[in-house]
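*Asks:* The opening position of the sequence shown corresponds to residue 2 in our numbering, with each subsequent residue numbered one higher. A virtual CB, placed ideally from N, CA and C, is assigned to each residue, including glycine. If you scroll down you'll find the structure; I have some questions about it.
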Amino acid sequence: MSGFLITLEGIDGCGKTTQGRLLQARLEGEAIPHLFVREPGGTPIGEQIRLLLLQKEHSLITDTELLLYLAARAELVNTVIRPALEDGRVVLCDRYYDSTVAYQGYGCGGDGDWIRELNEKITAGLRPRLTFLFDLSVEEALRRRGHEGDRIEERSLSFHRRVRRGYLALAAAEPDRIVIIDAAAPAEQQHELLWSRLEALFSGRPSDEL
Ligand code: TMP
2 MSGFLITLEG
12 IDGCGKTTQG
22 RLLQARLEGE
32 AIPHLFVREP
42 GGTPIGEQIR
52 LLLLQKEHSL
62 ITDTELLLYL
72 AARAELVNTV
82 IRPALEDGRV
92 VLCDRYYDST
102 VAYQGYGCGG
112 DGDWIRELNE
122 KITAGLRPRL
132 TFLFDLSVEE
142 ALRRRGHEGD
152 RIEERSLSFH
162 RRVRRGYLAL
172 AAAEPDRIVI
182 IDAAAPAEQQ
192 HELLWSRLEA
202 LFSGRPSDEL
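Dropping the structure here:
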């Protein structure tokens with residue numbers, strides 16, 4: 002597969018979607034073939050599943066929630082992401098399996114090994130080449146979100162703290178893949194850091210030369 006799968010991760014309100022849009026514009030400006038997708042979503046079925054997951058009317062047990070996220074991912078990976086990678090495109094994905102480990106594993110207390118096993122199965126082992134983790138305090142993220150949240154956003158501060166801790170544990174375990182970005186830094190500075198890491202990846206340069 003010749004394309005690059007790049008994922009954007011972090012707690013709700015960390016600013017990753019804004020950074021994703023900036024990257025998308027940069028890729029467009031550089032005429033690099035790419036695709037920007039989000040999870041859950043990015044396919045007709047995935048967008049329907051997103052509504053089920055985020056609407057506040059529903060209360061779901063953790064396993065139902067987990068399986069719905071995975072169902073949306075199965076659709077997205079198999080019908081959109083793999084074909085785009087096979088086509089040589091850069092695929093920017095706003096959330097991927099680290100979200101499931103962080104939210105349904107660390108956040109909800111789900112079985113991390115089972116989550117990883119299911120993820121492997123439905124993605125056929127498709128891993129991101131690089132993951133940007135936008136790290137921000139839970140308090141600042143809440144302040145930035147400001148508005149009334151969706152079903153997941155409205156969970157307690159302690160839930161979001163567990164998710165953040167989960168992400169940091171994942172980054173510590175895979176430092177070569179997961180790059181921690183200080184999401185409190187100015188947006189332009191974050192963008193330049195992301196871009197320099199991507200340029201290094203695309204040109205095959207080791208990132209410690211930066
Ligand atoms: P978004 O607001 O960043 O688009 O993400 C939607 C919400 O879904 C967000 O609160 C994180 C949550 N989520 C999970 O809990 N598990 C997952 O596997 C994914 C992809 C998202």
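Can you say whether P34 is buried or exposed, counting buried as having 16 or more other CB atoms within 10 angstroms of its CB?
*Replies:* For the purposes of this step, residue 34 is taken as the residue at position 33 of the sequence shown. Exposed, since its Cβ has fewer than 16 Cβ neighbours within 10 Å.
*Asks:* By how many angstroms is the C-alpha of G16 removed from the C-alpha of R165?
*Replies:* Translated into positions along the sequence shown, residue 165 becomes position 164. Translated into positions along the sequence shown, residue 16 becomes position 15. About 14 Å.
*Asks:* Thinking A184 and D136 are a contact (beta carbons under 8 Å), I'd like their distance in whole angstroms, please.
*Replies:* On the sequence shown, position 183 is the one that residue 184 refers to. On the sequence shown, position 135 is the one that residue 136 refers to. Contact flag correct, Cβ pair sits at about 6 Å.
*Asks:* According to DSSP, I7 sits in a beta bridge with which residue or residues?
*Replies:* Looking up residue 7 in the sequence shown gives position 6. I7 is bridged to L93 and L131.
*Asks:* DSSP on R39, reduced to helix/strand/coil?
*Replies:* On the sequence shown, residue 39 is found 38 positions in, with the first residue counted as 1. Looking at R39 - three-state DSSP - the assignment turns out to be strand.
*Asks:* Only counting the same chain, and skipping five residues up and downstream in sequence, which positions put a Cβ closer than 8 Å to that of G89?
*Replies:* On the sequence shown, residue 89 is found 88 positions in, with the first residue counted as 1. Excluding sequence neighbours, G89 sits near S3, G4 and P34.
*Asks:* Hey, would you say the C-beta of S100 is under 6 Å away from at least one heavy atom of the ligand TMP?
*Replies:* Counted from its first residue, the sequence shown places residue 100 at position 99. Checking every heavy atom of the ligand TMP against the Cβ of S100, one is found closer than 6 Å.
*Asks:* My output table needs one value for D13: the three-state DSSP class, helix, strand or coil.
*Replies:* Your numbering for residue 13 matches position 12 in the sequence shown. Here D13 sits in coil by DSSP.
*Asks:* Check each candidate in A173, E40, D64 and Q190 and name the one with the smallest Cα separation from G106.
*Replies:* In the sequence shown, counting from the first residue as 1, residue 106 sits at position 105. The shortest C-alpha separation from G106 is found at D64.
*Asks:* Alpha carbon to alpha carbon, what distance is there between C94 and I50?
*Replies:* Along the sequence shown, read from residue 1 onward, the residue named residue 50 stands at position 49. Along the sequence shown, read from residue 1 onward, the residue named residue 94 stands at position 93. Looking at the two C-alpha atoms, the distance is approximately 17 Å.
*Asks:* Can you tell me whether R96 sits near the ligand TMP, meaning its C-beta is under 6 Å from at least one heavy atom of the ligand?
*Replies:* Your numbering for residue 96 matches position 95 in the sequence shown. Yes; taking the cut-off as 6 Å, the Cβ of R96 has a heavy atom of the ligand TMP nearer than that.
*Asks:* Closer than 8 Å is the cut-off here; do at least three beta carbon pairs connect the segment 58-72 with the segment 105-121?
*Replies:* Touching, yes.
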